[in-house]
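Counting from 1, one number per residue, gives the positions in the sequence shown under the UniProt record's numbering. Read through the structure below, which is laid out as structure tokens, and then see the notes.
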Amino acid sequence: MGDRGKDVVMVEVAAERGKQLSSRVSEEGAGWACAQPGAFVQLRPNKRTFTWLNLRTLWLSRNEILAGLFGDPSGEVRARWMEAQEARGIDPQLRIEQSLGGNFSFLLLGDTGEGDASQYAVVPAMLKLGEDTSFAVIASDVIYPTGSGNEYCDKFFRPYQDYDAPIYAIPGNHDWYDGLGGFMRVFCDAEPLKPRPDRGLRGLLWRKPETIDEVRLAEARALRGKDTQQATQPGPYWMIESDSLLVVGVDTGIRNVIDKAQADWLRRVSLDPRPKILVTGKPIYTGNAYKPSPLEGGGTIDDIVRDPAHRYVAAIGGDVHNYQRYPVKVGDRVIQYIVSGGAGAFMHATHTIQRVDVAEVHEDAFKCYPLRGDSLSFYSQLYAKRLRMRWIYLTPSEASCIMSEHIKNEPVRTPEGPVKITRRMRWAARLLGAWPWPFRLPVDRMFHRFLSELSDWDAPPFFKQFLHISVTPDELTVRCFAATGCLAQEIDPPMEDEVRISLA
């Protein structure tokens, strides 16, 4: 049996076990009864990475605000990067060379790079299930907070030093806060761009790329120095070809707008008759809302995805730090729209997602991880401890029942014991954002831009996740595996979702 055959058997067995060990079956599967932390404790660096409550960190991250106020220059800067890459002689089709036949598998991790316990907690399960995979893809925000090339050691090279295959990436908005300088140097082996003045207030305030310490970078690269680990990609957007499938990665910059050159390339690539997966920096469906990425000159990325001639079967985006899946019917086929941004950074709540009814996807077809009840219980525990508000704490069973009452569905996981919902519980759920309410604690994305430190959590359960994707000529299988930080879930990673897609 070849490596590919061993990988299929191993993952199929792990998936069958994982179904019975997941958060959908028991609180133990969710990591609530964590008898022993996992091996990640020995892997992580023994130093604090950064804090969002530090004024210096907020100042370094100012380009997000400036791009909203004065316009996002990502498209112009991306065009300069691609001109420089073309001058070096890259493949004009932006292909990443991989020797792939009709059968292969790969990993996808989203929003990885905080360099703390929540990132390293994913590593043991990733290594176990990633054995014999052909490559891995990081979808969005490789390095927090500002994409600096000087922070790749503990946030990229060290955590994945034992993953024995290439890793490719598409940048997120945080990678763009450095003008993409760190990303392009590490993944594309590109030299820094020559400075070009940007007039006006934006140019005066805009954060300029850091000068990379090449000695430190060389030392960091040595951690992934094997021949089997080497990877160079042509730019921040690219495609990987196989006989059965194309994996197409696009760069959404800071403000989720695709420049004309990238849009034209995407249209050309999409004409290939093979089935395709799109990997994006920002998801198209998330939080029960539709957010297609605009294309410079008109239209959206989703217009390209939905065109039946292009044969997209899935669109996977990072940026949002959890897992969501929306099976959207488009004509006579179904496209799987997936959020997968839970491989390292703090957790974005799922309990704030109201009863799903978007693009004719209804609640029973929607999948998310963590489960809404676990998300609500997690945040109640966090704030009960941080703010010394013991009354706000909700057990996983209480939170599950409250969310079921609000969403009007059956609890995904059977509560452990009878639960009587009280007025206190409902007020706690309101304060934690379980349904729209003007007075609530920071649990959503708007608050987290400035206050995510309140959600930084260095002890299990972490509710992290990554994807294992298997490809054959006839079928694509996407599996979401959880990483709780508990030893039991490192040994047998829980599988939280699985979808099989015909490629015929």
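Beta carbons: idealized from backbone N, C-alpha and C, even for Gly.
Rounded to the nearest whole angstrom, the CA to CA distance from Arg-372 to Ile-469 is 25 Å. Under DSSP, Thr-280 forms a beta bridge with Val-250, Gly-317. Around the beta carbon of Ala-504, fewer than 16 other beta carbons lie within 10 angstroms, which makes this residue exposed.
As a beta-bridge residue in DSSP terms, Ile-469 pairs with Phe-106, Val-478.
Counting only residues of its own chain and dropping the five nearest sequence neighbours on each side, Gly-75 has a CB closer than 7 Å to the CB of Gly-253, Val-257, Asp-259, Glu-296. Under DSSP, Trp-238 takes part in a beta bridge, and its partners are Gly-249. Around the beta-carbon of Asp-175, 16 or more other beta-carbon atoms lie within 10 Å, marking it buried. For Phe-135, the enclosing beta strand (DSSP E) stretches over residues 135 to 139.
Inter-segment contact for the stretch 225 to 242 and the stretch 481 to 497 is absent: fewer than three beta-carbon pairs are separated by less than 8 Å.
As DSSP reads the structure, Ile-335 sits in a beta bridge with Val-328. The beta-bridge partner set that DSSP reports for Ala-84 is empty. Nearest to Tyr-290 by C-alpha distance, out of Gln-36, Val-356, Arg-17, is Val-356. Within 10 angstroms of the beta-carbon of Asp-91 lie fewer than 16 other beta-carbons, which makes it exposed.
In its chain, beyond the 5 residues on either side, Phe-157, Arg-158, Gln-161 have a beta carbon closer than 7 Å to the beta carbon of Leu-223. In the structure shown, Ile-301 adopts helical secondary structure according to DSSP, grouped into three states.
DSSP places Glu-490 in the helix class (H, G or I) of the three-state scheme. Residue environment: Ala-309 is assigned as exposed (fewer than 16 neighbouring CB atoms within 10 Å of its CB, all protein chains considered). Per DSSP, the beta bridge partners of Ala-483 are Lys-464. In this structure, Tyr-120 lies near Arg-44, with their beta-carbon atoms less than 7 Å apart. Below 8 Å, too few C-beta pairs join the stretch 82 to 99 and the stretch 462 to 479 to call them touching: fewer than three. Rounded to the nearest angstrom, the Cβ distance from Ala-263 to Thr-112 is 27 Å, too far for a contact under 8 Å.
The beta-bridge partner set that DSSP reports for Val-419 is empty. One thing to note: Pro-411 has its Cβ no nearer than 7 Å to the Cβ of Ala-365. By a beta-carbon distance limit of 8 Å, Pro-37 contacts Pro-460. Their separation comes to about 6 Å. Taking each of Thr-286, Val-142, Trp-427, Ile-167 in turn and checking the Cα distance to Phe-106, the smallest one comes out for Ile-167.
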